[in-house]
Amino acid sequence: MAGTTTRPVARGRRLISLPGVYRPQADTLLLQAALAGEDIGPGHHALDIGTGTGAVALRAAATGATVTAVDTSWPAVLAARLNAVRLRLPLTVVHGDFVAAAAGRRYDLVTANPPYVPSPDRELPTRGANRAWDAGADGRGVIDPICASAPALLRPGGVLLMVHSAMCDSDRTVDLLERGGLDARVVARRDVPWGPVLRSRRAWLQERGFAAPGEQWEELVVIRGRYT
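Residue numbering for the sequence shown follows the working numbering, starting at 132 and increasing by one per position.
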């Protein structure tokens, strides 16, 4: 297909991407690594929020679990579907909001790589590639709704794995999940160099207290919440 590219994912897999679709990066790999530590397989049901190319959802599907992936971007939905066909893995990919996509169902595992970059624009973007990273003035425009919905999305004993930047307050994520009845903690951390998006808004991030002068590294975290 014209305009497609392939990008490496863990274990040598290469996924098709489309223009405007978030490609697998350090946060994707960190979330995949956390997923590898979960007990999931045939008979389990999983939901992947903000699937992008489907990298995490397909890793879950490879275990034999029944997986639904959701994204608000039509190009991402198409890319994930193409990758499922290419890898011959069963995957249901749904366009739209994750709450509507879940439609009252509960899951053994929910994975999420939401937008989490603080943005001078307080409103969440509704189109364009920046939907994959811009998340409102505090970077929590999608994280907070996921935290609020987690108890309704998970079966008893079900697990949420969510990756985001420590810049947008991992302690708050843990606290919100615990208020919802989940046993929550940070289970993985990784420092990565600032990418072009953070570098382009360095002055604003420093002014708002998200970053110190001269800061060049971002800490990514994976937060695990188990619904008790």
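Beta carbons are placed, not taken as given, at the ideal position from N, Cα and C, and that holds for glycine. Note that the structure is predicted; figures quoted are calculated from it, not measured.
The alpha-carbon separation between D269 and W335 amounts to approximately 12 Å. Just measuring C-alpha positions, the residue of L255, A192, T182, V187 sitting nearest F229 is T182.
DSSP places E349 inside the beta strand (DSSP E), whose first and last residues are 348–358. Here the alpha carbon of G168 sits roughly 11 Å from the alpha carbon of A319. The alpha-carbon separation between R190 and G151 amounts to approximately 22 Å. The alpha-carbon of G272 is positioned some 5 Å away from that of A266. Taking C-alpha positions only, N261 is separated from R330 by approximately 15 Å.
Shown here, I277 sits in a helix according to DSSP, grouped into three states. Counting along the chain, P324 sits inside no alpha helix (DSSP H); it lies in the beta strand (DSSP E) bounded by residues 313–324.
P206 and L149 have their C-alpha atoms roughly 6 Å apart. Between V294 and N244, the gap from beta carbon to beta carbon is short of 8 Å. Between the alpha carbons of R333 and A342 lies a distance of about 8 Å.
Each residue's CA atom was taken as its position, placing A157 and V323 some 7 Å apart.
Burial of G185 is indicated by the presence of at least 16 other C-beta atoms within 10 angstroms of its C-beta. Assigned with DSSP and collapsed to three states, V216 falls in helix.
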